Amino acid sequence: MFAKPQAEHTWLDQLLGDWNFDHDCQMPDGNTSAASGKMTCRSLGGLWLISESSGEAPESGPWSSIMTVGFDPAKNQYVGTFVGSMMANLWLYQGVRDASGKRLVLETLGPSFDGSGTCNYRDTIEITDCDHWLMTSELQTETGEWVRFMTGKHTRG
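Here the sequence shown is numbered in the numbering used here, starting from 23 and rising by one per residue.
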């Protein structure tokens, strides 16, 4: 019943601590936006990363979000969730680290920006060094192309 952290869990420890971030968005329709804020990442029993973020977007005001990421040995993949005060849906993640070991690619299904149904998304966490990491978000178009719409730079606070 009581799982023990594995190497995949301890990889997430690189994200523990307090962070400042700047996110730049380029939406598929051409609209752009920016957000900055703070994030606190903590461990839940060495098995789960809990990231709580808050910020303010000039066009929409204050927001907050919570992301969870852990590793499920039975599925041999990372799993997690994302919820934000700006949206009504729960995002369910599953993913793997790439061959470099510096990038965690989390895939999910969610509502399309144009409201016409759902589409595939992927959020990638890339460790730059012990004090910096990137988060990029992409969506998959109907033709199968992946289009980046958000880049977030995180600096240890």
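Where is the CB? At the ideal position from N, CA and C, for every residue including glycine. Computed from a predicted model, the values in this text were never measured in an experiment.
Opposing strand residues paired with residue i [DSSP bridges]
i, result
"G68", "None, per the DSSP bridge assignment."
"S73", "C63, M89"
"M172", "C47, S159"
"P84", "E78"
"N42", "K60, T177"
"D94", "Q99"
"T54", "Q48"
Cβ of residue i within 8 Å of any chain C Cβ
i, result
"T150", "The question asks about chain C, but that chain is absent: this structure has only one protein chain."
For residue i, the three-state DSSP class (helix, strand or coil)
i, result
"E99", "The sequence shown places Gln at residue 99, not Glu. Three-state DSSP puts Q99 in a strand."
"A25", "coil"
"E167", "coil"
Where residue i falls, given that 16 or more other Cβ within 10 Å makes a residue buried
i, result
"C63", "buried"
"V169", "exposed"
"M61", "buried"
"H176", "buried"
"L37", "buried"
"A57", "buried"
"G67", "exposed"
"M89", "buried"
"G179", "exposed"
"G77", "buried"
"L131", "exposed"
Closest by C-alpha distance to residue i, when choosing among the options
i, options, result
"D136", "P50, F24, W155", "P50"
"A29", "P133, N98, L161", "N98"
"W85", "V105, V101, T32", "V105"
"N42", "S82, G59, G52, P27", "G59"
"T103", "F93, F24, L114, A110", "L114"
"A236", "G92, N111, H45", "Shown here, the chain extends from 23 to 179; a query on residue 236 therefore has no answer."
"E148", "N142, G123, G132, T163", "G123"
"G83", "S107, G52, P95", "S107"
"D145", "G139, E164, G117", "G117"
"T158", "C141, L126, T54", "L126"
"D35", "W70, Q48, C47, S55", "W70"
"E74", "S87, P80, T140", "S87"
"G174", "L156, Y100, D40", "L156"
Whole runs of the beta strand (DSSP E) within the stretch 102-162, excluding any shorter than 3 residues: Whole beta strand (DSSP E) segments, 3+ residues: 113-119, 125-133, 140-151, 154-162.
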